[in-house]
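Notes to accompany the following structure.
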Amino acid sequence: MSVPLRIAATVELVSLVVLIANRVTVHLDGVAALVGPVHGTAYLAAIALTVARAGWRSRAAGLSLVPGVGGWVAAVLLGERPYRLSG
Amino acid sequence: MSAVLLAVHVLVAIVAIGPVCVAASMFPPEARRALGDDPGAAARLPVLARICRTYALVGIAVPVFGLATASSMGVLTEPWVLVSIVLTVAAAGVLAGMVLPRQRVLLEGAGPRDALAASTGRLAAATGVFNLLWAVVTVLMIVRPGSSTGV
Numbered sequence: 000m001s002v003p004l005r006i007a008a009t010v011e012l013v014s015l016v017v018l019i020a021n022r023v024t025v026h027l028d029g030v031a032a033l034v035g036p037v038h039g040t041a042y043l044a045a046i047a048l049t050v051a052r053a054g055w056r057s058r059a060a061g062l063s064l065v066p067g068v069g070g071w072v073a074a075v076l077l078g079e080r081p082y083r084l085s086g
Numbered sequence: 000m001s002a003v004l005l006a007v008h009v010l011v012a013i014v015a016i017g018p019v020c021v022a023a024s025m026f027p028p029e030a031r032r033a034l035g036d037d038p039g040a041a042a043r044l045p046v047l048a049r050i051c052r053t054y055a056l057v058g059i060a061v062p063v064f065g066l067a068t069a070s071s072m073g074v075l076t077e078p079w080v081l082v083s084i085v086l087t088v089a090a091a092g093v094l095a096g097m098v099l100p101r102q103r104v105l106l107e108g109a110g111p112r113d114a115l116a117a118s119t120g121r122l123a124a125a126t127g128v129f130n131l132l133w134a135v136v137t138v139l140m141i142v143r144p145g146s147s148t149g150v
């Protein structure tokens with residue numbers, strides 16, 4: 000069980016949802032400027048964690064490149080337990 | 000917003016890249032001691048490797064927030080930024096492609112002892128190149144040759 004991958008995958012997805020929600024509603028520049036790099040970091044971290052565990056040529060690594068949900072797909076493929084806030 | 004992005008960029012650079020430089024530099028001599036049957040060194044080796052792996056991951060935020068900062072400041076196409084980007088990509092390649100895999104091989108400790116001892120030298124060289132690249136990027140961030148914004 001890789002807690003870092005679950006965290007990275009969750010941040011990747013939530014930050015993308017925030018970015019899209021911001022774009023279609025209030026459109027605050029500050030939100031986009033701050034959440035954008037957070038999303039980028041989480042996206043790259045999820046790919047790095049997946050590659051470190053499964054290797055470059057693995058199916059999980061390929062799918063981890065998908066924006067937004069890639070980290071989650073990789074986490075599920077690598078046998079992660081679903082992330083629940085209630086623990 | 001530039002100030003916030005720059006603050007995050009510099010903070011993560013200090014907190015994440017600093018430990019990687021120190022722990023990665025300590026790894027080869029500790030590995031040599033561990034190969035010389037020093038149990039203390041053998042116990043410290045996984046900790047150093049873990050620091051390198053963990054903070055390399057956190058360090059991903061440094062170039063990402065750096066790009067955001069440069070974009071926000073409108074300096075993304077200035078020569079010192081472009082050179083820094085190239086050197087940072089090279090440093091990341093050395094870390095992910097040479098330093099961390101060679102550390103893992105030494106941690107597993109499989110193979111003849113002579114070959115492992117020789118690989119500590121190659122690991123030390125790769126680590127030195129990584130540290131040098133980061134030092135050059137850090138100096139570029141301060142000196143900013145060709146900058147239109149002044150120092």
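As they're listed, the protein sequences go chains A and B. Read in order, the letters of the first sequence are residues 0 to 86 in numbering that gives the first Met the number 0. Read in order, the letters of the second sequence are residues 0 to 150 in numbering that gives the first Met the number 0. Virtual Cβ for every residue (Gly too), placed ideally from N, Cα, C. All values derive from a computational prediction rather than experimental measurement.
Check your understanding: Just checking, does the region 105-119 of chain B make contact with the region 25-41 of chain B on the three C-beta pairs under 8 Å criterion?
Key -> yes
**Study point:** Element boundaries [alpha helix (DSSP H), containing residue 71(A)]
**Key:** 69-76
Check your understanding: Which value, in whole angstroms, describes the spacing of the CA atoms of residue 68(A) and residue 3(A)?
Key -> 16 Å
Practice item. Report, in whole angstroms, the separation of the C-beta atoms of residue 12(A) and residue 35(A), which I expect to be a contact under 8 Å. Key: With 8 Å as the limit, residue 12(A) and residue 35(A) do not qualify as a contact, their Cβ atoms being about 15 Å apart.
Review point. With C-beta atoms as the reference, is residue 77(A) less than 8 Å away from residue 59(A)?
Key: yes
**Study point:** Distance between residue 46(A) and residue 0(A) (C-alpha atoms, nearest Å)
**Key:** Residue placement at residue 0(A) is poorly supported in this model, since its pLDDT is 48, which falls under 50; the coordinates are not used for a value here.
Review point. Mind checking if residue 9(A) is an interface residue toward chain B, Cβ cutoff 8 Å exclusive?
Key: no
Check your understanding: What is the rounded straight-line gap between the Cα of residue 39(A) and the Cα of residue 108(B)?
Key -> 35 Å
Practice item. Find the residues of chain A that neighbour residue 97(B), judging by a C-beta separation of less than 8 Å, and give them in chain order. Key: Ordered by position in chain A, no residue passes the 8 Å Cβ test against residue 97(B), which lies about 15 Å from the chain.
Point to revise | Same chain, Cβ closer than 8 Å to residue 84(A), neighbours up to 5 away in sequence not counted | key: With a pLDDT of 47 at residue 84(A), under the threshold of 50, the modelled position of that residue is not reliable, and no figure is offered here.
Exercise for review: Examine chain A for any beta-carbon lying closer than 8 Å to the beta-carbon of residue 118(B), and answer yes or no.
Suggested key: no
Review point. Apart from the five residues on each side of it in sequence, which residues of its chain come closer than 7 Å, Cβ to Cβ, to residue 86(A)?
Key: Model confidence at residue 86(A) stands at a pLDDT of 39, short of 50, so the residue's coordinates are unreliable and nothing is read from them.
**Study point:** Beta-carbon spacing of residue 74(B), residue 8(B) below 8 Å
**Key:** no
Check your understanding: Near residue 63(B), which residues of its chain fall below 6 Å by C-beta distance, leaving aside the five closest residues on each side in sequence?
Key -> none
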